[in-house]
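J.: Per the numbering used here, residue 866 is the first one in the sequence shown, and the count goes up by one each step. Positions of the beta carbon are idealized from the N, C-alpha and C atoms, including for glycine.
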Amino acid sequence: MIDIGSGCSARLATPFAVLGIRTAGESLTGIEYLPQGAATLAPVNRLAERVCRQIERYLDDPGFRFDLPLD
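See below:
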């Protein structure tokens with residue numbers, strides 16, 4: 866059985882999906898769509914917390930501009 870969203874630094878529930886946030890060091894390495902019923906996961910590091918905050922801001926204001934280190 867495959868663990869959906871394993872290896873994520875956070876799993877954030879949104880109105881359309883659970884987002885799996887992947888980080889490595891000081892960079893965002895990926896965001897994946899997980900099924901609505903996937904378990905959430907509180908951010909495990911500061912960058913994952915920052916990513917979640919910025920996604921939430923974007924969902925409230927689509928004009929929000931992301932400022933994240935990408936890899």
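Helix, strand or coil for ILE867, going by three-state DSSP, please let me know.
T.: As a first step, residue 867 is located in the sequence shown; it is residue number 2 there, counting from the start. Confidence at ILE867 is low in this model, with a pLDDT of 46, below 50, so its placement is unreliable and the value that follows should be read with caution. Coil, per DSSP.
J.: Given that a residue counts as buried once 16 or more other Cβ atoms are within 10 Å of its Cβ, and exposed if not, what is GLY885?
T.: By one-based count along the sequence shown, residue 885 stands at place 20. Per the 10 Å Cβ criterion, buried.
J.: May I ask you to verify whether the stretch 876-894 touches the stretch 910-930, counting CB pairs closer than 8 angstroms and requiring at least 3?
T.: The stretch 876-894 vs the stretch 910-930: in contact.
J.: Go ahead and pull the three-state DSSP assignment for GLU914.
T.: In the sequence shown, residue 914 corresponds to position 49, counting from 1. Three-state DSSP puts GLU914 in a helix.
J.: With DSSP as the reference, label ARG922 as helix, strand or coil.
T.: Taking the sequence shown and counting its residues from 1, one reaches residue 922 at position 57. ARG922: helix per DSSP, three-state reduction.
J.: The beta strand (DSSP E) with SER892 in it runs from where to where?
T.: Counting from one through the sequence shown, the residue named residue 892 turns up at place 27. That run of the beta strand (DSSP E) goes 892-899.
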